[in-house]
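Written out below as structure tokens is the structure these notes cover.
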Amino acid sequence: MYLYDQYDQAMVDARVAEFRDQAQRRLEGKLTEDQFKPLRLMNGLYLQLHAYMLRVAIPYGTLNSRQMHALADIADKYDRGYGHFTTRQNIQYNWIKLEDAGDILADLAEVEMHAIQTSGNCIRNISSDHFAGAAADELVDPRPYAELLRQWSSFHPEFSYLPRKFKIAVIASDTDRAAMRLHDIGIQIVRNDAGELGAAFYVGGGMGRTPMIAPCIKEFVPLDRLVTYAEACLRVYNRHGRRDNKYKARIKILVHEMGAEEYTRQVDAEFEHMLSQGIEPPYAELERIRTFFEDPLFEEDASADIDRSDPDFALWVARNTHAHKAAGYVSAVISLKPVGGIPGDATSEQMRLMADLAKDYSFDEMRVMHTQNIVLPHVRLADLHALWTALEEAGLGSPNLDTIEDIIACPGLDYCSLANARSIPVAQKISERFAASGKTEALGKLKLKISGCINACGHHHAGHIGILGVDKKGVENYQLLLGGSEAEDVSLAKITGPGFDEAGIVDAVETAADVYLREREEGERFLDTYRRIGMAPFKEALYG
Amino acid sequence: MDNLSSENDTLIRYRDDEPVDHAAVTVDSFLDQSSASAVRVEPGDDARELLPHLDRLSLVEVNFPAFGDGRGYSSAQILREAGYQGELRAVGDVLVDQVAYMRRCGFDAFDPDAPLNEDDLETALSRWPEVYQSAADKRTPIWSKRHA
Numbered sequence: 007m008y009l010y011d012q013y014d015q016a017m018v019d020a021r022v023a024e025f026r027d028q029a030q031r032r033l034e035g036k037l038t039e040d041q042f043k044p045l046r047l048m049n050g051l052y053l054q055l056h057a058y059m060l061r062v063a064i065p066y067g068t069l070n071s072r073q074m075h076a077l078a079d080i081a082d083k084y085d086r087g088y089g090h091f092t093t094r095q096n097i098q099y100n101w102i103k104l105e106d107a108g109d110i111l112a113d114l115a116e117v118e119m120h121a122i123q124t125s126g127n128c129i130r131n132i133s134s135d136h137f138a139g140a141a142a143d144e145l146v147d148p149r150p151y152a153e154l155l156r157q158w159s160s161f162h163p164e165f166s167y168l169p170r171k172f173k174i175a176v177i178a179s180d181t182d183r184a185a186m187r188l189h190d191i192g193i194q195i196v197r198n199d200a201g202e203l204g205a206a207f208y209v210g211g212g213m214g215r216t217p218m219i220a221p222c223i224k225e226f227v228p229l230d231r232l233v234t235y236a237e238a239c240l241r242v243y244n245r246h247g248r249r250d251n252k253y254k255a256r257i258k259i260l261v262h263e264m265g266a267e268e269y270t271r272q273v274d275a276e277f278e279h280m281l282s283q284g285i286e287p288p289y290a291e292l293e294r295i296r297t298f299f300e301d302p303l304f305e306e307d308a309s310a311d312i313d314r315s316d317p318d319f320a321l322w323v324a325r326n327t328h329a330h331k332a333a334g335y336v337s338a339v340i341s342l343k344p345v346g347g348i349p350g351d352a353t354s355e356q357m358r359l360m361a362d363l364a365k366d367y368s369f370d371e372m373r374v375m376h377t378q379n380i381v382l383p384h385v386r387l388a389d390l391h392a393l394w395t396a397l398e399e400a401g402l403g404s405p406n407l408d409t410i411e412d413i414i415a416c417p418g419l420d421y422c423s424l425a426n427a428r429s430i431p432v433a434q435k436i437s438e439r440f441a442a443s444g445k446t447e448a449l450g451k452l453k454l455k456i457s458g459c460i461n462a463c464g465h466h467h468a469g470h471i472g473i474l475g476v477d478k479k480g481v482e483n484y485q486l487l488l489g490g491s492e493a494e495d496v497s498l499a500k501i502t503g504p505g506f507d508e509a510g511i512v513d514a515v516e517t518a519a520d521v522y523l524r525e526r527e528e529g530e531r532f533l534d535t536y537r538r539i540g541m542a543p544f545k546e547a548l549y550g
Numbered sequence: 096m097d098n099l100s101s102e103n104d105t106l107i108r109y110r111d112d113e114p115v116d117h118a119a120v121t122v123d124s125f126l127d128q129s130s131a132s133a134v135r136v137e138p139g140d141d142a143r144e145l146l147p148h149l150d151r152l153s154l155v156e157v158n159f160p161a162f163g164d165g166r167g168y169s170s171a172q173i174l175r176e177a178g179y180q181g182e183l184r185a186v187g188d189v190l191v192d193q194v195a196y197m198r199r200c201g202f203d204a205f206d207p208d209a210p211l212n213e214d215d216l217e218t219a220l221s222r223w224p225e226v227y228q229s230a231a232d233k234r235t236p237i238w239s240k241r242h243a
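Chains A and B are the protein sequences, given in the same order. Per this note's numbering, the first sequence starts with residue 7, numbered consecutively. Per this note's numbering, the second sequence starts with residue 96, numbered consecutively.
In structure tokens:
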């Protein structure tokens with residue numbers, strides 16, 4: 007994985023000093039809260055309902071055991087002994103004191119981490135495929151391109167006060183595991199007919215209150231022009247993005263209102279101009295970054311045999327591992343979705359265990375998934391049983407990847423000052439219901455996503471089943487949505503009809519699941535059945 | 096507008112020449128009259144309209160009515176990329192925590208609504224030992240040093 011040189015370290019250290027100075031001036035009253043707010047946000051510090059929340063960047067979700075240990079130490083030292091892994095592949099702490107923030111950033115800098123641009127109206131932490139560098143189906147490892155863009159976007163002088171937040175995802179596989187087309191810019195590394203690598207640019211996607219699927223505006227940008235093209239995309243957005251209404255300020259609204267064709271024309275004109283400006287790092291820099299992402303030394307004749315005689319282990323292997331490019335290896339997913347638990351939460355003890363297991367079994371590397379689980383990317387099949395045994399003992403062995411128990415949920419009204427309804431208790435009740443009824447297995451792949459307000463941090467538009475919490479005359483109410491997908495078959499979910507109360511929404515999810523079990527044809531996922539039969543049978547069962 | 100910048104004690108300049116001694120006009124007025132040599136760019140103005148006339152401009156003021164509106168950074172970059180050598184002055188809600196980025200985008204003068212603390216300003220401008228991007232200030236980016 008990428009390691010800092012003296013330059014990267016100097017930048018992060020400078021940021022720590024800058025933030026300490028800014029926080030001090032705030033405490034002295036030299037900065038108003040309005041002036042301080044964007045500064046603290048650009049260091050990941052939010053004010054929530056009960057305390058400050060600090061969001062720490064995990065670039066493209068990759069981290070090593072030393073970093074995970076540091077995250078565990080921060081949880082113990084400054085928070086309540088746990089952290090929450092997020093849909094941006096980051097981690098956030100929910101009980102932070104403003105006075106401690108500078109010290110936390112300093113602790114992070116010790117292990118080449120930071121909270122730079124994890125919030126605010128700037129280019130956010132760049133996300134990627136959680137199986138990058140491991141997946142059997144990828145063209146190349148997408149992370150060197152994400153790292154190149156990370157450096158370009160860090161402290162960008164022109165694009166730090168954008169109309170609104172800006173999220174970029176980079177993938178390099180036709181299978182989209184990063185919700186690429188639901189980003190402000192989604193980049194897919196592709197190979198053209200001449201055999202050269204390049205980047206396809208999808209611009210103007212997003213969730214939030216007006217979900218949009220990004221159109222492809224450029225099918226092939228040569229790799230030695232990647233930064234320049236991204237810069238052109240941002241400049242046109244900075245010029246024309248709406249500033250009169252924060253709910254219409256994202257680039258998706260601009261691309262939609264201007265039209266993808268006209269937006270692309272303006273980007274291309276800006277790009278032509280910028281080519282003479284010398285803003286593209288030399289290709290040697292991309293090659294330097296690539297050296298950090300070379301394959302670890304996989305064992306050449308690693309055994310492909312696996313003893314599945316223990317049914318619990320066999321189930322975990324079937325559900326929680328992913329095909330690897332190296333024979334005898336898999337990527338193993340540690341579920342942070344225990345039945346009845348809080349999706350994405352991990353205690354400091356669990357973080358330390360995951361770190362140690364990564365060191366023992368996965369070349370010292372972990373990934374955070376946007377679905378709020380942890381991946382050990384490179385595990386020998388021969389080590390899987392020992393890994394699973396250790397996870398089971400720590401309560402981390404839930405065999406529920408991509409099932410209805412593998413729920414994405416935003417923090418909701420338990421923490422968030424924007425929320426209209428709680429998300430976490432609904433997630434807990436649904437996973438308990440389906441685990442108890444035993445239907446989880448029968449339902450197979452079913453992505454359920456819950457947001458506690460229309461800002462859609464829980465990705466409800468992209469759920470096979472989505473739940474949106476709203477406020478109905480002072481009472482929490484939950485709308486049910488069906489038919490969304492964040493993957494390569496991307497689609498936006500549709501609302502079924504009137505909402506439900508907390509008990510009612512759990513029943514409604516089960517009703518929808520039962521329609522699928524009744525109607526499905528061989529090999530169909532819930533999403534496939536929905537797409538074939540449409541909304542009517544579900545409405546009939548829910549409201550008939 | 097009558098608050099001539101030469102009489103303004105909040106004005107900070109990083110240039111050796113004398114400040115322009117007349118007020119800046121709007122972009123529309125500037126494009127209508129050939130005599131003006133100072134113009135004020137508002138956030139909604141397109142700085143590219145000025146590019147054919149750079150040779151007769153000595154001062155471009157870029158207004159920041161609210162510090163969170165970042166359009167002025169692009170306006171500055173565009174002017175410098177086109178070769179504008181005259182004074183580029185950030186005016187309005189210009190705060191010490193934004194001046195380092197403004198310098199990077201080519202601003203060489205500041206006329207803030209509220210005076211900047213000199214110590215804080217010096218700290219802010221000397222904060223960053225390195226930069227990741229090529230920008231109008233022509234500082235050598237990290238990627239260039241790595242492959243020198």
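Glycine included, every Cβ here is placed at the ideal spot set by N, Cα and C.
{"query": "ARG524/A, buried or exposed, once every other Cβ within 10 Å from all chains shown has been counted against 16", "result": "exposed"}
{"query": "Close Cβ partners of GLU1/A (< 6 Å) along its chain, the five nearest in sequence each way excluded", "result": "No answer is possible for residue 1/A: the residues shown for chain A start at 7 and end at 550."}
{"query": "Close Cβ partners of CYS200/B (< 7 Å) along its chain, the five nearest in sequence each way excluded", "result": "TYR168, ALA171, GLN172, ALA230, ALA231"}
{"query": "Whole runs of the beta strand (DSSP E) within the segment 282-328 of chain A, excluding any shorter than 3 residues", "result": "none"}
{"query": "Residue(s) in a DSSP beta bridge with LYS224/A", "result": "PHE207/A"}
{"query": "Partner residues on chain B for GLN28/A, Cβ-Cβ distance less than 8 Å", "result": "ASP192"}
{"query": "Length of the line joining the Cα atoms of LEU55/A and ASP420/A", "result": "8 Å"}
{"query": "Neighbour flag for MET264/A against chain B, beta carbons, 8 Å", "result": "no"}
{"query": "Amino acids of chain B, ordered along the chain, whose beta-carbon sits closer than 8 Å to that of TRP394/A", "result": "Result: empty, since nearest Cβ-Cβ is about 42 Å, beyond 8 Å."}
{"query": "Where SER169/B meets chain A, residues with beta-carbon distance less than 8 Å", "result": "GLU164, ARG241, ASN244, ARG245"}
{"query": "Residue from PRO65/A, PRO221/A, ASN461/A, ALA205/A whose Cα sits closest to the Cα of GLU153/A", "result": "PRO65/A"}
{"query": "For ALA204/B and ILE107/B, believed in contact at Cβ under 8 Å, the rounded distance", "result": "7 Å"}
{"query": "Residues near ILE312/A by beta carbon distance below 6 Å, same chain, minus five either side", "result": "LEU387"}
{"query": "CB contact check: ASP164/B to chain A, cutoff 8 Å", "result": "yes"}
{"query": "Short CB-CB distance (under 8 Å) between HIS148/B and chain A", "result": "no"}
{"query": "Contact set between TYR196/B and chain A, taken where Cβ atoms lie within less than 9 Å", "result": "PHE161, HIS162, PRO163, GLU164, SER166, TYR167"}
{"query": "7 Å Cβ cut-off: residues of chain A touching ASP176/B", "result": "Per the sequence shown, residue 176/B should be read as Glu rather than Asp. Chain A residues near GLU176/B: GLN283."}
{"query": "6 Å CB neighbourhood of ILE177/A in its chain, flanking five on each side removed", "result": "ASP135, PRO148, ALA184, MET186, GLN194"}
{"query": "Terminal residues of the beta strand (DSSP E) in which ASP477/A lies", "result": "471-478"}
{"query": "Closer than 7 Å at the beta carbon, the chain C residues around GLN180/B", "result": "This model lacks chain C altogether, as its protein chains are A and B."}
{"query": "Where the alpha helix (DSSP H) containing SER169/B begins and where it ends", "result": "166-176"}
{"query": "Residues that DSSP places opposite VAL157/B in a beta bridge", "result": "VAL136/B, ALA185/B"}
{"query": "Given ALA243/B as reference, the closest of CYS239/A, HIS330/A, GLU291/A once Cα atoms are compared", "result": "GLU291/A"}
{"query": "Cβ neighbours of ASP408/A in the same chain (closer than 6 Å, five flanking residues each side left out)", "result": "LYS451"}
{"query": "Other residues of its chain near MET357/A: CB distance less than 8 Å, five sequence neighbours each side excluded", "result": "MET74, HIS75, LEU77, ALA78, ALA81, GLY89"}
{"query": "ASN212/B, DSSP secondary structure in three states", "result": "coil"}
{"query": "Burial state of ASN212/B, where buried means 16 or more other Cβ atoms lie within 10 Å", "result": "exposed"}
{"query": "8 Å contact criterion, which PRO383/A and LEU321/A should meet: CB distance rounded", "result": "Incorrect: roughly 21 Å between the Cβ atoms, too far for contact."}
{"query": "Expected contact under 8 Å - CB spacing of TYR99/A and MET59/A to nearest Å", "result": "7 Å"}
{"query": "Short CB-CB distance (under 8 Å) between TYR10/A and chain B", "result": "no"}
{"query": "Nearest neighbour of HIS330/A, chosen from PRO349/A, ILE430/A, ALA310/A, ASP316/A [CA to CA]", "result": "ALA310/A"}
{"query": "Endpoints, the beta strand (DSSP E) within which ASP351/A is located", "result": "351-353"}
{"query": "Proximity of LEU498/A and ALA518/A at Cβ, strictly below 8 Å", "result": "no"}
{"query": "Contact with chain B by ARG294/A, beta-carbon distance below 8 Å", "result": "yes"}
{"query": "Per DSSP, cross-strand counterpart(s) of ILE501/A", "result": "LEU487/A"}
{"query": "8 Å Cβ cutoff, GLU225/B in contact with chain A", "result": "yes"}
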